[in-house]
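Undergrad: Okay, so the sequence shown: first residue is -2 according to our numbering, each after it adds one. Quick one: the structure is below, questions incoming.
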Amino acid sequence: MKIIPISADSLGTRSMATFVETKDCNIFIDPSVRLAPKRFGLPPHKIEKERKREHWKEIKECVRKSDVLIVTHYHFDHHNPDAPSIYRRKTALLKDYQNKINRNQQMRAKRFIRKLGDYPKEILPADGKTFEFGRTLIEFSKPVPHGPTLRMGWVVEVAVTDEEQTFVHTSDIQGASVKSQLEFILKSNPRTILMDGPFSVLMMADQGRPLKSSERNIIKIIRKTDVKDFLIDHHFVREEEYRDRIPKIFEVAKEEVVNLQTCAGYLGRKDDLLEAKRKKLYKADEERKR
Ligand SMILES: [Zn+2]
Ligand SMILES: [Zn+2]
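Given below as structure tokens:
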């Protein structure tokens, strides 16, 4: 199995877009990419906009080679309603829009599916189901909360298994602080995982309880599964100091010989946290003008 993160926050855009190749089929999970409309009171910088264009181009290239496209929930960094034709002749496995979905995402989902029209070969609700493509299995969790509470609705997690290994893409669980989010991961026992980590700034609410729980659960995954490559990204790297927020997970990963790193690190590149650095990018422009 080949697992290639195409766009991610550590690569400079908001996304968890991932291309997975197995002997039986090619799968694209969450083919979309966005930028924070406002961060530090500032709109996206031109470097971010350029990066987004590059990432979208790469997404489209990999989607073209894919048989199956997956949408884990209906936020715009995970599905792109402006490009329904990329679903042409693909099998679309989508988060169910009728059950366990909040009103905002349901509206987006209905609009999206209307736009998909006849493009896909088939559209199937994915929640809690398993699909077989040759000897490759794609298994979905039941809907789990988008983060520590249900304020942002639900997502589905995905496990892809071929004869070599299991890969889990957690979607936006923001650090697996909730039992149901964790259980799917433990049960799937991945060799490789791409997890949406906690956005620590937000998770300091409730006396930091969600962040503590996230730390505990990440350690459980490291110790209790066969994970070797643990990619942590998305919400987690929206500030430059992310490592200092829960340093213990990096210590435990080292002890257990698990490669805990961002998507950029997994690809052998340096983090490029453009959103976290947005203020600095504008400041550098100002200084150049002087
Ligand atoms: Zn989301
Ligand atoms: Zn997201």
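Idealized CB from N, CA, C, for every residue including glycine.
In angstroms with no decimal places, state the Cα-to-Cα distance between Ile0 and Lys107.
TA: Mapped onto the sequence shown, residue 0 falls at position 3. Mapped onto the sequence shown, residue 107 falls at position 110. If you take the alpha carbons of Ile0 and Lys107, they lie about 30 Å apart.
Undergrad: Going by beta-carbon coordinates alone, are Thr69 and Ser177 separated by less than 7 Å?
TA: What you label residue 69 is simply residue 72 of the sequence shown in a count that begins at 1. What you label residue 177 is simply residue 180 of the sequence shown in a count that begins at 1. Against a cut-off of 7 Å, the Cβ pair of Ser177 and Thr69 comes out as no contact.
Undergrad: Just the Cα atoms here: how many angstroms apart are Val234 and Asn256?
TA: Translated into positions along the sequence shown, residue 234 becomes position 237. Translated into positions along the sequence shown, residue 256 becomes position 259. Taking the straight line joining both Cα atoms gives about 17 Å.
Undergrad: Please go through the same chain and pick out, in chain order, the residues whose beta-carbon is closer than 7 Å to the beta-carbon of Tyr94, but skip the five residues on each side of it.
TA: Taking the first residue of the sequence shown as position 1, residue 94 is located at position 97. For Tyr94, where only same-chain residues beyond five positions count, the Cβ hits under 7 Å are Gln103, Ala106, Lys107, Ile110.
Undergrad: May I ask which residues mark the beginning and end of the alpha helix (DSSP H) holding Gln95?
TA: Translated into the one-based positions of the sequence shown, residue 95 becomes position 98. Where Gln95 is concerned, there is no enclosing alpha helix (DSSP H), given that its DSSP letter is neither H nor E.
Undergrad: Using the beta-carbon count (16 or more within 10 Å), is Pro195 buried or exposed?
TA: Within the sequence shown, the letter at position 198 stands for residue 195. Answer is buried; the Cβ neighbour count reaches 16.
Undergrad: Any idea if Thr189 is buried or exposed, counting beta-carbon neighbours within 10 angstroms, 16 or more meaning buried?
TA: Looking up residue 189 in the sequence shown gives position 192. With 16 or more Cβ atoms within 10 Å of its Cβ, Thr189 is classed as buried.
Undergrad: Judging by CA-CA distance, which residue of Asn186, Pro145, Asp64 is the nearest neighbour of Gly131?
TA: The sequence position of residue 131 within the sequence shown is 134, counting from 1. Of the listed residues, the one whose Cα sits closest to Gly131 is Asp64.
Undergrad: In chain order, what are the residue ranges of uninterrupted beta strand (DSSP E) at least 3 long that sit wholly in the region 12 to 59?
TA: You should have 13 to 18, 23 to 26.
Undergrad: Below 8 Å, can you find three or more Cβ-Cβ pairs linking the region 18 to 31 to the region 264 to 280?
TA: Counting Cβ pairs under 8 Å, fewer than three are found: no touch.
Undergrad: State the DSSP-derived secondary structure class of Asp269, mapped to helix, strand or coil.
TA: For the purposes of this step, residue 269 is taken as residue 272 along the sequence shown, with counting starting at 1. Three-state DSSP puts Asp269 in coil, outside helix and strand.
Undergrad: Check whether the Cβ of His72 sits closer than 6 Å to any heavy atom of ligand 2, and report yes or no.
TA: Within the sequence shown, numbered from 1, the residue matching residue 72 stands at position 75. Flag set: Cβ of His72 near ligand 2.
Undergrad: Excluding sequence positions up to five away, which residues of its chain have a Cβ less than 6 Å from the Cβ of Ser185?
TA: For the purposes of this step, residue 185 is taken as residue 188 along the sequence shown, with counting starting at 1. Answer for Ser185: Ala156, Thr163, Val165, listed in chain order.
Undergrad: Would you report the Cα separation of Gly265 and Val198, rounded to the nearest angstrom?
TA: Mapped onto the sequence shown, residue 265 falls at position 268. Mapped onto the sequence shown, residue 198 falls at position 201. So the two alpha carbons sit approximately 27 Å from each other.
Undergrad: For Leu228 versus Leu191, is the C-beta spacing smaller than 7 Å?
TA: Here residue 228 corresponds to residue number 231 of the sequence shown, with the count starting at 1. Here residue 191 corresponds to residue number 194 of the sequence shown, with the count starting at 1. It is a contact, given that the beta carbons lie within the stated cut-off.
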